[in-house]
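**Student:** Numbered according to this note's numbering, the sequence shown spans residues 98 to 712.
Dropping the structure in here first, questions after.
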Amino acid sequence: MQKRLALFAGELFMDYQSRLYEGIKEAAAEYGVKIDIFTNYGVYATNYLHTRGEINVITIPNLKRYDGVIIAPDTLTVDGMYEELHEKIQQECSCPIVCIRAEKEEYYNVLVDDSISMEQIVEHFIVKHGLKKIFYMSGTQGMKDAKIRLDAYKSVMKRHGLPVRKSMIYHGNYWTTKAKQCLEWFSEDKDQPEAIVCANDYMALSLYRELTERGVAIPEDIKLSGFDNIVEGQILEKRLASAEVPAEELGRKAVKMLSDILDKKKVPRTVSVSAPPIMEGTCGCRCEYSQKINERAYVGLNYLKDSVHTQLALSGALENCETVEDVLHEAFLYSKTFGHKEIYVCLCEDREDEDVANLGDYTEKMRLVAIFSKADGYVKCDERFDRVEILPGQYKDKISLLSIFPLHFRGHCMGYLALTFEDMSRLKEGFILWSSALSNYLDKIKMYEKNKELLRYREESNMDSLTGLMNRRGLDLYIQKALDKIDEHGLHVVSVDMDGLKYINDNFGHAEGDVAIKELSKYLKSVQNDRVGAARTGGDEFLIIVLGNEDDTKKICKYIRGKITKFNTVRNKEYELSASIGYEKFDPMEGIIACINKADEKMYVEKSGKKNARK
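Written out as structure tokens, the structure reads:
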């Protein structure tokens with residue numbers, strides 16, 4: 098029986114990921130394994146509900162059903178996605194895990210020898226161009242490859258006796274959103290950079306655009322380099338100096354490593370491949386354009402033009418749709434440029450008989466409603482199957498490589514698309530627009546079909562039935578609105594965790610436990626107003642979102658503690674009501690998930706202190 102593997106890699110249509118896919122495809126055929134690829138579109142805005150929809154693709158599979166798992170953490174750019182995937186792996190996996198391009202001690206690893214490549218890049222600026230003021234834009238703090246590349250930069254600078262000050266190093270995020278902050282950071286240094294070395298191409302390209310807009314000539318005024326050699330960097334007027342990450346080889350080695358492990362062969366914990374530098378163009382060296390690069394630029398430009406026109410036409414066509422089938426048929430007509438063999442459209446089951454609080458989750462049963470086939474055209478289906486199978490057996494059994502993309506809109510999980518490819522390189526950014534439009538109009542049609550009934554369900558879905566507070570979904574919606582309304586007072590998150598609920602349940606019964614939960618919830622409910630919202634997020638866990646400053650937040654915490662104290666003073670209960678509380682100010686640079694985690698940590702510090710005091 099063929100081994101079945103799972104791969105988690107974000108934004109499969111991007112240059113590095115598409116090359117990684119090709120290596121994995123070759124190796125899957127060579128070693129006779131089947132691979133399900135779980136991917137997403139990335140986050141191009143700050144919408145919290147969209148972020149949740151992107152992360153939720155990892156919840157589709159049950160990893161207990163796989164013989165091995167491959168992860169590519171540096172492609173999972175959605176905040177919190179890797180952390181949730183790591184937790185899922187810990188809970189579900191007993192199979193071997195291979196990690197690509199980010200060393201994790203608990204997994205097997207396929208790495209790029211970042212150190213040598215980065216040293217060669219920095220050495221080039223010093224020896225070839227005689228530069229001394231070389232600044233550095235690092236990757237995401239905490240990622241091992243970011244540290245390795247940064248250490249390589251520092252090592253070469255030290256070897257040549259050149260200074261490395263704190264203000265010469267900025268910690269970015271491996272994406273395109275930090276260029277302005279980076280240049281502001283560098284402006285605090287006593288020197289201006291002669292060159293900026295970046296830990297990857299996306300950050301380098303964002304600096305290229307920002308510097309160019311400010312009238313800085315590259316490489317005449319400031320020289321620049323990246324790392325990865327993605328297509329976008331190759332088609333600049335003067336190509337981006339970079340290092341060629343052998344993505345295909347990484348993919349092949351990852352599949353081979355898992356195959357060898359499953360065949361009981363002896364395998365090292367880590368294998369590495371080299372990434373040769375390509376130093377020309379923005380580093381100041383002469384750039385020799387190849388005809389191939391020019392052709393790729395021309396094809397890419399035409400593709401973007403076609404994508405815009407197609408999106409406009411698709412939106413107009415979808416406006417006239419009145420049923421789900423209408424939407425699917427129009428989407429099929431505009432899906433013919435993605436290089437696929439088949440697109441399987443799998444939607445969540447109707448939720449009339451389910452807990453509507455789970456609108457943001459995938460249903461256990463899915464429905465295959467249509468296949469967009471290159472060979473057979475539009476195929477209407479209505480087949481119910483278990484989500485863990487990904488597709489009904491008669492289709493899944495014949496597929497060796499399947500790529501799964503989520504369908505979601507405004508926090509609603511619509512389902513997913515499962516694709517097989519003829520030419521994966523044709524899957525570009527236009528697919529994001531197409532998929533987004535499909536999700537949008539599926540949601541609109543469902544709203545139209547259900548009308549008042551659906552509106553009633555959505556209202557109910559936001560409330561916890563025991564306490565009357567918001568539930569987790571209601572909190573998600575509230576957070577998104579609160580983030581849009583932040584003013585000079587800021588936003589704070591308060592984490593509240595009831596102490597001793599298990600003791601109450603064990604000794605006085607679960608009904609009395611519910612009484613205690615409702616009593617504490619009453620205090621949280623009483624602090625709510627147009628700038629404060631409270632939610633029950635677990636059995637004994639609560640969160641409060643405060644649109645206000647620290648003093649406002651402290652007053653709320655003090656009020657809750659006071660109400661608890663008063664209850665215990667006048668109570669006629671055989672137990673004491675207690676809660677641990679922690680709060681944290683929201684930092685837009687870190688995101689709301691990090692803020693919630695920090696508030697939880699402070700709450701647990703208080704809870705731990707209480708436990709120690711009782712010893």
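C-beta atoms are modelled at their ideal positions from N, C-alpha and C, and glycine is treated no differently.
Which residues mark the beginning and the end of the beta strand (DSSP E) in which His509 is found?
**Tutor:** Counting along the chain, the beta strand (DSSP E) containing His509 begins and ends at 509–518.
**Student:** Anyone know if the C-beta pair for Ile167 and Ala243 falls short of 9 Å?
**Tutor:** No.
**Student:** Touch check for the segment 114–123 and the segment 468–487: three-plus C-beta pairs under 8 Å?
**Tutor:** With the cut-off at 8 Å, the segment 114–123 and the segment 468–487 do not touch.
**Student:** Can you check which of these residues, Ser623, Ile614, Glu184, is closest to Thr634 by C-alpha distance?
**Tutor:** Among Ser623, Ile614, Glu184, the Cα nearest to that of Thr634 belongs to Ile614.
**Student:** Distance check for Lys433 and Gln331, CA to CA, integer angstroms please.
**Tutor:** Taking the straight line from one Cα to the other gives about 27 Å.
**Student:** State whether the segment 587–598 contacts the segment 639–648, with contact taken as three or more CB pairs (one from each stretch) at a distance under 8 Å.
**Tutor:** Touching, per the Cβ criterion.
**Student:** Can you tell me whether Gln114 is buried or exposed, with buried defined as 16 or more other CB within 10 angstroms of its CB?
**Tutor:** Gln114 comes out buried.
**Student:** Let's see if you can read the secondary structure: which residues bound the alpha helix (DSSP H) around Ser677?
**Tutor:** Looking at the DSSP string, Ser677 is not in any alpha helix (DSSP H); the run it does join, the beta strand (DSSP E), is 676–682.
**Student:** Counting along the chain, where does the beta strand (DSSP E) carrying Ser623 start and finish?
**Tutor:** First-last for Ser623: 607–623, but that is the alpha helix (DSSP H), not the beta strand (DSSP E).
**Student:** Among the residues of its own chain, which have a CB less than 8 Å from the CB of Val140, if the five just before and after it don't count?
**Tutor:** Cβ within range, chain order: His147, Thr148, Glu151, Thr174, Val175, Asp176.
**Student:** Going by beta carbon distance, what residues of the same chain come within less than 6 Å of Cys295, once the five residues before and after it are set aside?
**Tutor:** Once the five neighbours on either side are set aside, the close Cβ partners of Cys295 are Met234, Ala301, Gly323.
**Student:** On the DSSP bridge assignment, give the partners of Glu480 in chain order.
**Tutor:** Per DSSP, Leu465.
**Student:** Going by CA-CA distance only, name the one from Lys655, Phe683, Glu687 that's closest to Ser677.
**Tutor:** Of the candidates Lys655, Phe683, Glu687, the one whose C-alpha sits nearest the C-alpha of Ser677 is Lys655.
**Student:** Could you give the uninterrupted runs of the alpha helix (DSSP H) lying entirely in the segment 174–231, keeping only those of 4 residues or more?
**Tutor:** Counting whole runs of 4 or more residues, the segment 174–231 contains the alpha helix (DSSP H) stretches 178–189, 211–220.
**Student:** Which parts of the segment 101–148 are runs of the alpha helix (DSSP H), unbroken and 4 residues or longer, counting only runs that do not cross its ends?
**Tutor:** Within the segment 101–148, the complete alpha helix (DSSP H) runs of at least 4 residues are 112–128.
**Student:** For the alpha helix (DSSP H) that contains Arg349, what are its first and last residues?
**Tutor:** Where Arg349 is concerned, the enclosing alpha helix (DSSP H) stretches over 344–359.
**Student:** Please report the residue range of the alpha helix (DSSP H) in which Cys654 lies.
**Tutor:** Element bounds for Cys654: 647–667.
**Student:** Since Gly636 is in the beta strand (DSSP E), which residue starts that stretch and which ends it?
**Tutor:** From DSSP, Gly636 is part of no beta strand (DSSP E); its letter is neither H nor E.
**Student:** Using a Cβ-Cβ cutoff of less than 7 Å, which residues in the same chain neighbour Thr237 once the five nearest sequence positions on both sides are dropped?
**Tutor:** So the qualifying residues of the chain are Ala243, Asn270, Tyr271.
**Student:** Taking the alpha helix (DSSP H) that His426 belongs to, which residues open and close that run?
**Tutor:** Looking at the DSSP string, the run of the alpha helix (DSSP H) that includes His426 is 421–430.
**Student:** Using a Cβ-Cβ cutoff of less than 6 Å, which residues in the same chain neighbour Tyr138 once the five nearest sequence positions on both sides are dropped?
**Tutor:** So the list reads Ile529, once near-sequence residues are dropped.
**Student:** On the criterion of 16 or more Cβ atoms from any shown chain inside 10 Å, does Thr564 qualify as buried, or is it exposed?
**Tutor:** It is buried - the Cβ of Thr564 has at least 16 other Cβ atoms within 10 Å.
**Student:** Whose C-alpha, out of Ala199, Gly348, Ser371, Leu333, is nearest the C-alpha of Glu377?
**Tutor:** Of the listed residues, the one whose Cα sits closest to Glu377 is Leu333.
**Student:** From Cys445, Val154, Lys438, pick the residue whose C-alpha is nearest to that of Tyr475; which is it?
**Tutor:** Taking only the C-alpha atoms, the option nearest Tyr475 is Lys438.
**Student:** Given Ala249, which residues of its chain have a CB within under 6 Å of its CB, disregarding the five upstream and five downstream residues?
**Tutor:** Only Ser212, Met215, Glu216 meet the Cβ criterion.
**Student:** When you compare the segment 593–610 with the segment 665–679, are there three or more beta-carbon pairs, one atom per stretch, that lie closer than 8 Å?
**Tutor:** Counting Cβ pairs under 8 Å, three or more are found: they touch.
**Student:** Rounded to the nearest angstrom, what separates Ile245 and Phe135 at their Cα positions?
**Tutor:** Their Cα atoms are separated by approximately 28 Å.
**Student:** Within the continuous beta strand (DSSP E) that includes Lys335, where are the two ends?
**Tutor:** Per DSSP, Lys335 belongs to no beta strand (DSSP E) and is neither H nor E.
**Student:** Would the beta-carbon of Ile315 fall within 9 Å of that of Thr274?
**Tutor:** The answer is no: Cβ separation not under 9 Å.
**Student:** To the nearest angstrom, report how far apart Gly527 and Gln408 are at their CA atoms.
**Tutor:** Rounded to the nearest angstrom, the two C-alpha atoms are 8 Å apart.
**Student:** Compare the C-alpha of Gly706 against each of Gly679, Gly606, Asp684 and name the closest.
**Tutor:** Taking only the C-alpha atoms, the option nearest Gly706 is Gly679.
**Student:** Given this structure, state the Cα-to-Cα distance separating Val421 from Phe482, to the nearest angstrom.
**Tutor:** Cα-Cα distance, rounded: 19 Å.
**Student:** Mark Glu345 as exposed unless 16 or more other C-beta atoms lie within 10 angstroms of its C-beta, in which case mark it buried.
**Tutor:** That one is buried.
**Student:** Hey, does Ile132 have any beta-carbon neighbour from chain B nearer than 9 Å?
**Tutor:** The chain inventory of the structure shown lacks chain B, comprising one protein chain alone.
**Student:** Run the CB neighbour count on Thr309, radius 10 Å, all protein chains shown included, and call it buried at 16 or more, exposed below.
**Tutor:** Classification of Thr309: exposed, given that the 10 Å Cβ count is below 16.
**Student:** If you pair each beta-carbon of the segment 616–624 with each one of the segment 180–190, do three or more pairs fall below 8 Å?
**Tutor:** In short, these stretches do not touch, since the Cβ pair count stays below three.
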